[in-house]
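Following: one structure in structure tokens, then a few remarks.
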Amino acid sequence: MESYFIWYWWAGAAIVMIIAEIFVPGLFLLCLGVGCGGGAVAAALGGGPGIQLLTFSAISLMCFLTLRPLLMKKMWNGEQVRTNVDALVGRRARVTQDFEPGLRLGRVAIDGDDWRAECTVDRSLRSGDVVQVVRVESNTLIVEPLQSEHS
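Listed below in structure tokens is the structure:
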């Protein structure tokens with residue numbers, strides 16, 4: 060009688076688990092996927108269903124106890140990776156359109172993109188001056204002056 064646990068079913072489950080890990084944080088499915096890989100090897104070597112399940116369980120458990128803590132420490136170190144406009148906060152930009160006192164509006168360039176900007180202080184800023192991004196409000200960068208190359 061042919062085994063119901065054929066190696067390619069295990070391999071397919073491993074691939075599905077590893078791909079699903081991309082969408083679910085925590086490395087839980089990765090450990091199960093590695094265990095499924097062990098089950099596939101056991102099935103390919105001719106192990107019966109009991110050996111395959113035991114191999115899957117043992118490798119998954121070992122992965123949970125060893126590999127997962129190492130990867131969690133390396134990947135989830137508490138710092139959030141800022142993306143999109145959030146990554147602009149704290150960066151420096153160069154003024155491309157003068158800021159007039161009283162109005163406090165102008166334009167700045169950062170990473171090759173030209174942004175509408177508002178200065179936090181009522182001060183004249185000229186093209187070429189360097190500012191720092193304090194925050195982002197909608198499509199406007201809120202900036203503060205750092206230095207002036209023209210003074």
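Going by the numbering used here, the first residue of the sequence shown is number 60, and it counts up by one from there.
Using N, Cα and C, we set each Cβ at its ideal position, and we do this for glycine too.
Note that the coordinates shown come from a computational prediction; the quantities given were computed from them, not determined experimentally.
Check, Outcome
"Start-to-end residues for the beta strand (DSSP E) that takes in residue 92", "From DSSP, residue 92 is part of no beta strand (DSSP E) but of the alpha helix (DSSP H) over 87-103."
"At least 3 beta-carbon pairs within less than 8 Å: the segment 105-112 vs the segment 144-155", "no"
"3 or more residues per run - each beta strand (DSSP E) lying fully within the segment 116-175", "151-156 and 164-169"
"Exposed unless 16 or more other CB atoms sit within 10 angstroms - verdict on residue 4", "With the chain represented from 60 up to 210, any question about residue 4 goes unanswered, as that position is not in the structure."
"Other residues of its chain near residue 181: CB distance less than 7 Å, five sequence neighbours each side excluded", "160, 161 and 163"
"Burial state of residue 124 (16 or more Cβ within 10 Å)", "exposed"
"Integer Cβ distance of residue 204 from residue 190, believed to fall under 8 Å", "5 Å"
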